[in-house]
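**Student:** Here the protein sequences line up with chains D and G, keeping their order.
Count the first sequence with this note's numbering and you get residues 1 to 286, in order.
Count the second sequence with this note's numbering and you get residues 1 to 292, in order.
Sharing a structure, written as structure tokens. Questions coming.
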Amino acid sequence: MSSSKLMTLEEAVSTYIQDGDHVGIGGLSFWRKAMSACREIVRQNKKHLSICTFVGGLEVDMLIAGECVSEVRSCFVGMEIFGMAPHYRKAVESGSIKISEESEATIALGLRASYLKVPFMPLKGIIGTDLPKVRNDIKQIEDPLGSGTQVMVVPKIDLDVAILHVPYADEYGNGNIAGAVWMDADMAKTAKKTIVICEKLVETEDIRYLPGKAQLPMQTTSVVVKKPFGAHPTSCYPFYTFDPHHIQCYLKTNFEEYKKKFISNKTHAQYLEEAGGVQTIFNILV
Amino acid sequence: MSEYSKDYTIDELMTVLMAREVKNDDIMIVGVATPMVWAAFTLAKVTHAPDAIYHYIMGNTFVAEPRQVSLLYLEMNTARAYRFQDSVECTLEALPSDKLTTIEFFRPAQIDQYGNTNNICIGEWDKPKIRLPGAAGILDFSMFYARGSFLYTPRHDKRTFVPSEKIDFISGVGFPGGKPSICGGLGPQCVITNLAYFDFDDDTKLMKLRSIHPDVELDKVKDSTGFELITPNELIETIPPTVKEIKLLRDKVDPLNVRKLEVLSGNERKELLEDIIQKELHKQNKFPKLLI
């Protein structure tokens, strides 16, 4: 019989995320972001994190506003149709955080290189862009095997910890994602520690019958947290969509006020109440 | 004989022009926050390209069915896929495959006369005046799509159309130095703007005015472009949308006008955004309406 990996969110964040860590966040844009964990990171006042995410939005912006971040590696950080990510933009323009300019492939292949234990991966894209001018760890080389083809080589991306929000998990760490997986499975494989946060806790038997089974297998999961609506205000398919009103509220509100109202000393239940309670939940439920 | 519409808006004209670029066997790649592209592909799908397939990059999914354009529930659409891609597949393997022809529209913040584009920053990269969201997959694919890349912008002005020496960062590859990329892609095929339709000269690879939209003066196009445009001796007028195209777009494809968010600004945009959110939140059935 396996041991349960269930923990509270507070314990999981304080145990597995240290100042200065390289933290991978799953999901994409406004979809399936581990927002409850981001709020907890702000509450615990973690510092100097490097954040890696495929396509970032609110979660990156909030962690920057909460002064938890010193570096971001992502190929896009924005608020989709709602505009730019204000704190990200300000931090990059003022030079208060570092960024590692990425493409989709530098992240996908960087994570793959990491779990394959090779220092780099080759790819066909990027040639002709200015990316190598701002990344001295990305180089154009000729095929070392002699075909004469030019390729780009991009470095591995090692993560200390991955934080992934998924619809279903069992208490042993098998996670199932309904919908697109994006970089989540790669992050789980390569991060030294993986925090899986789920909407619904199910039994292993249920995981067997879910399409895709355990895309996040138990052997790479360090800890499981149950947190319904934990991705709010981003979405978690198939349960709820992103909350446009809350995203607009975030963009309109000075972060100190936002933090006081929605983050500091707030339980998850209090957060959801502040964010509109039952009516908001009815609005976003599929 | 098609009957042309006499009453259409600029977002409708651009959407129709983009739809006309789609071929029946294309994979149509829908990016993040580009409802005009989604509307164009869906219009193509319900008119001349019924076999074209959606690839939702934000879902990394392949989807066959057309659905009404939505702001809040795109994910419901992408999750109804017949195939999910894994991470590396999505970014590298399946899309540039020789078996597929793909069509993707990029919307650049800056574009030069060779179709090189910038979505990264305005000003120096390490001390930018404006940090833009980023270029995502444009850095990866712009140079090797077999059918080339497609560009659009509803903001045709000198801030967007800049000469090569003024482009702040090349994040999308056009015809660098007037030559095709060594990666084998066809390069940019067209630029569709609120003023005109452009393609690129076969020999010099310089941007060329192909047709000018109805009621737009040539001087207006020239004055809005930060480099010298190749213009034909005889101006050709852009073929306007047909009555049928406009009706489909308004009634079936995008009745909520989500595509208009790409062209409006200020209060008008704010009001439309609120209107779309209210209408969508009040829907009982959140799945975007199937159009088959």
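We put the beta carbon where it would ideally sit given N, CA and C, even for glycine.
1. What is the rounded straight-line gap between the Cα of R112/D and the Cα of D184/D?
2. Identify every residue that forms a DSSP beta bridge with I29/G.
3. Which residues in chain D have a C-beta closer than 8 angstroms to the C-beta of I277/G? List them in chain order.
4. Just verifying my parser: in three-state terms, what is the DSSP assignment at L43/G?
5. Enumerated in chain order, which unbroken segments of the beta strand (DSSP E) with a length of 3 residues or greater are wholly contained in the segment 5-79 of chain D?
6. Could I get the ranges of all uninterrupted alpha helix (DSSP H) runs contained in the segment 199-283 of chain D, with 4 residues as the minimum, in chain order?
7. Check each candidate in D86/G, N116/G, V22/G and E165/G and name the one with the smallest Cα separation from E104/G.
8. Relative to chain G, which residues along the segment 180-205 of chain D have a C-beta separation below 8 angstroms, given in chain order?
9. Does any CB atom of chain G fall closer than 8 angstroms to the CB of S74/D?
10. Does the segment 99-119 of chain D come within contact of the segment 152-168 of chain D, defined as at least 3 CB pairs closer than 8 angstroms?
11. Please state if the CB of R250/G and the CB of L186/G are separated by a distance shorter than 8 angstroms.
12. Confirm the yes/no value for this check: CB of P144/D, any heavy atom of the ligand NAD, distance under 7 angstroms.
13. Tell me the rounded alpha-carbon separation between V69/D and E268/G.
14. Is S171/G near T129/D, with beta carbons less than 8 angstroms apart?
15. How far does the alpha helix (DSSP H) with E12/G in it extend, from its first residue to its last?
16. Leaving out five residues on either side along the sequence, give the residues of the same chain with a beta carbon under 6 angstroms from the beta carbon of G66/D.
17. Are R210/G and F198/G close, meaning C-beta to C-beta below 8 angstroms?
18. Under 8 angstroms, Cβ to Cβ, is there at least one residue of chain G near I81/D?
19. Give me, in chain order, the residues of the same chain whose beta-carbon lies closer than 6 angstroms to that of D254/G; leave out the 5 immediate sequence neighbours on both sides.
20. Apart from the five residues on each side of it in sequence, which residues of its chain come closer than 7 angstroms, Cβ to Cβ, to M235/G?
21. Going along chain D in order, which residues have a C-beta closer than 8 angstroms to the C-beta of L72/G?
22. Compare the beta carbon distance of T225/G and K158/G with 8 angstroms and say whether it is the shorter of the two.
23. Alpha carbon to alpha carbon, what distance is there between N77/G and A297/G?
24. Going along the chain, which unbroken runs of the alpha helix (DSSP H) with 4 or more residues stay wholly within the segment 134-172 of chain G?
25. Just by C-beta distance, which residues in the segment 115-135 of chain D are closer than 7 angstroms to chain G?
26. Measure the C-alpha to C-alpha separation of Y168/D and G230/D and round it to an integer number of angstroms.
27. Secondary structure at T91/G, three-state DSSP: helix, strand or coil?
28. Identify, in the order they occur along the chain, each residue of the same chain with its Cβ nearer than 6 angstroms to the Cβ of R83/G, setting aside the five sequence neighbours on each side.
29. Going by the beta-carbon positions, is the gap between T253/D and F30/D smaller than 8 angstroms?
30. Between R259/G, D98/G, L74/G and S149/G, which has its C-alpha nearest P108/G's C-alpha?
31. Give a yes or no on whether 8 angstroms exceeds the smallest Cβ distance from G134/G to chain D.
32. Locate the beta strand (DSSP E) running through T106/D, then write down its first and last residues.
33. Just to confirm, is the Cβ distance from G115/G to F200/G under 8 angstroms?
34. By the 10 Å Cβ neighbour count, where 16 or more other Cβ atoms means buried, how is H232/D classified, buried or exposed?
35. Who are the Cβ neighbours of D186/D in its own chain at under 8 angstroms, not counting the five residues just before and after it?
36. With DSSP collapsed to three states, give me the class of F118/G.
**Tutor:** Per the coordinate set shown:
1. Spanning the two alpha carbons is a distance of roughly 12 angstroms.
2. Answer by DSSP bridge pairing, in chain order: H55/G and E104/G.
3. Going along chain D in sequence order, the residues near I277/G (Cβ under 8 angstroms) are P244 and H245.
4. Reduced to three states, the DSSP call for L43/G is helix.
5. Within the segment 5-79 of chain D, the complete beta strand (DSSP E) segments of 3 residues or longer fall at 22-25, 49-53 and 69-74, listed in chain order.
6. Fully enclosed alpha helix (DSSP H) runs of 4 or longer: 204-208, 244-252, 255-262 and 268-274.
7. Minimum Cα distance to E104/G is reached at V22/G.
8. Against chain G - using a Cβ distance shorter than 8 angstroms - the residues of the segment 180-205 of chain D are A180, V181, W182, M183, A185 and D186.
9. The beta carbon of S74/D sits closer than 8 angstroms to some beta carbon of chain G.
10. Two segments are said to touch when three or more pairs of C-beta atoms, one from each, lie closer than 8 angstroms; by this definition the segment 99-119 of chain D touches the segment 152-168 of chain D.
11. The beta carbons of L186/G and R250/G sit no closer together than 8 angstroms.
12. For the ligand NAD, the structure offers nothing, since it holds no ligand at all.
13. Going by the C-alpha atoms only, they are around 36 angstroms apart.
14. Taking 8 angstroms as the cut-off, the Cβ atoms of S171/G and T129/D count as close.
15. Taken as a continuous stretch (DSSP letters only), the alpha helix (DSSP H) holding E12/G covers I10 to R20.
16. If you ignore the 5 residues before and after G66/D, its C-beta comes within less than 6 angstroms of the C-beta of V42, all in its own chain and listed in chain order.
17. Closer than 8 angstroms, so yes.
18. At least one C-beta of chain G is nearer than 8 angstroms to the C-beta of I81/D.
19. Apart from the 5 residues on each side of it in sequence, D254/G sits with its Cβ closer than 6 angstroms to the Cβ of A39 and V69 in its chain, given in chain order.
20. With the sequence shown as reference, residue 235/G is identified as Leu, and Met is not the correct amino acid for it. For L235/G, where only same-chain residues beyond five positions count, the Cβ hits under 7 angstroms are I212 and L218.
21. Here the neighbours are T241, F242 and P244.
22. In this structure, T225/G sits near K158/G, with a CB-CB distance shorter than 8 angstroms.
23. The question about residue 297/G has no answer, for chain G in this structure spans 1 to 292.
24. Within the segment 134-172 of chain G, the runs of alpha helix (DSSP H) at least 4 residues long that lie entirely inside it are, in chain order, 138-141.
25. Answer in chain order: L123, K124, G125, I126, I127, G128, T129, D130, L131 and V134.
26. Roughly 12 angstroms between the two C-alpha positions.
27. DSSP places T91/G in helix when its eight states are reduced to three.
28. Same-chain partners within the cutoff: F62.
29. Not a contact, by the Cβ cut-off of 8 angstroms.
30. Ranking R259/G, D98/G, L74/G and S149/G by Cα distance to P108/G puts S149/G first.
31. Output row for G134/G: interface = yes.
32. It is not in any beta strand (DSSP E) - T106/D instead sits in the alpha helix (DSSP H) that spans E104 to L116.
33. Closer than 8 angstroms, so yes.
34. Residue burial annotation: H232/D is buried, with at least 16 other C-beta atoms found within 10 angstroms of its C-beta.
35. The beta carbon of D186/D lies closer than 8 angstroms to those of A108, L111, R112 and Y115 in the same chain, with the five residues before and after it left out.
36. Checking the sequence, you will find Asn at residue 118/G rather than Phe. Strand.
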